[in-house]
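The structure under discussion appears below in the form of structure tokens.
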Amino acid sequence: MTAFQPALTEEDLRRNLAAIRARIDAACARSGRDPQEVRLLPVSKTVEVERLRLAYAAGVREMGENKVQEAHGKWQAMREAMPDLRWCLIGHLQTNKAKFVAEFASEFHALDSLRVAQALDTRLQALGRSLDVLVQVNTSGEASKFGLEPAEVVPFVQALPAFGALKVRGLMTLAMHTTEEAQVRRCFVLLRQLRERLQQETAYGGAIAQLSMGMSGDFEWAVEEGSTTVRVGQAIFGARALPDSHYWPEGSAPA
Numbered sequence: 001m002t003a004f005q006p007a008l009t010e011e012d013l014r015r016n017l018a019a020i021r022a023r024i025d026a027a028c029a030r031s032g033r034d035p036q037e038v039r040l041l042p043v044s045k046t047v048e049v050e051r052l053r054l055a056y057a058a059g060v061r062e063m064g065e066n067k068v069q070e071a072h073g074k075w076q077a078m079r080e081a082m083p084d085l086r087w088c089l090i091g092h093l094q095t096n097k098a099k100f101v102a103e104f105a106s107e108f109h110a111l112d113s114l115r116v117a118q119a120l121d122t123r124l125q126a127l128g129r130s131l132d133v134l135v136q137v138n139t140s141g142e143a144s145k146f147g148l149e150p151a152e153v154v155p156f157v158q159a160l161p162a163f164g165a166l167k168v169r170g171l172m173t174l175a176m177h178t179t180e181e182a183q184v185r186r187c188f189v190l191l192r193q194l195r196e197r198l199q200q201e202t203a204y205g206g207a208i209a210q211l212s213m214g215m216s217g218d219f220e221w222a223v224e225e226g227s228t229t230v231r232v233g234q235a236i237f238g239a240r241a242l243p244d245s246h247y248w249p250e251g252s253a254p255a
């Protein structure tokens, strides 16, 4: 496994961000894609506010977080000085936390429950806000992972127009936790195929364009398979002190 060195200065962060972007660009070149189609979402879970301020100085304008209360606390600490910093929730959400997400998040990448959709919609409507959402799909078949089964995705998305404050933009997945390239790519291909079905079989059509897939260990494969957002944490900020199981289900790959 790659040893991720901690990024402690603005220069460290600039260097890591540039290196990841160069790898994204190279993956696009190999697969005939425009690099502008691929967004790099820095995942800042467990990273303290002081280093997030350095990341902002290095050019970062959006952060991905897994745990709602951690993200909400960071937003409160940083919103006055950095009002243009966007927060994307990429972890599992319980209905009782929907009020926090509705207050501050710009995106939610892990929708897999109509109860959560209802809770978010109710809170957002009360605030006069809307929220971009991606539907999480379990493409690996691993019981440890959250997300809808592939067969559930089309009927689930067909039910979402009932929640007017939710703007459905695409799909998200965590690939199988393995170093076997073929198995990882299979997860990414399945998500892309599901997007194509949704574009044909739901009222959203081409509005469902985003594929949030690929993390620190597999984002280049994800880009080659069509990812539009890669979620990269440790390759930017360095290894985390807490185990991945604190933020992802057991057996998930590191972001």
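Counting with full-length UniProt numbering, you get residues 1 to 255 for the letters of the sequence shown. From the three backbone atoms N, C-alpha and C, an ideal C-beta is built for every residue, glycine too.
Spatial neighbours of residue 167 in its own chain (CB-CB distance under 6 Å, excluding positions within 5 residues in sequence) are listed in chain order as 130, 132. Of all C-beta pairs linking the region 134-142 to the region 151-169, three or more are shorter than 8 Å, placing the two stretches in contact. In the structure shown, residue 149 falls within a coil segment according to DSSP collapsed to helix, strand and coil.
According to the DSSP assignment, residue 196 belongs to the alpha helix (DSSP H) that extends over 181-201. Counting only runs of 4+ residues, the alpha helix (DSSP H) found wholly inside the region 199-243 occupies 219-224, 234-237, in chain order. Taking C-beta atoms as the reference points, residue 173 and residue 191 count as a pair closer than 8 Å. Residue range 62-65 is occupied by the beta strand (DSSP E) that includes residue 62. Beyond the five residues adjoining it in sequence on each side, residue 23 comes within less than 8 Å, by CB distance, of 219, 220 in the same chain, given in chain order.
Closest in alpha carbon position to residue 79, among 97, 49, 196, 123, is 49. Taking residue 75 as the centre and dropping the five residues before and after it, the same chain places the C-beta of 87, 104 closer than 6 Å to its C-beta, in chain order.
Inside the region 79-161, DSSP marks whole alpha helix (DSSP H) runs of 4 or more residues at positions 98-104, 114-127, 153-158, from first to last along the chain.
Of the candidates 163, 158, 34, the residue whose Cα lies closest to the Cα of residue 125 is 163.
Just so you know, the alpha carbons of residue 234 and residue 65 end up roughly 13 Å apart. Per DSSP, residue 39 is one residue of the beta strand (DSSP E) stretching across 39-42.
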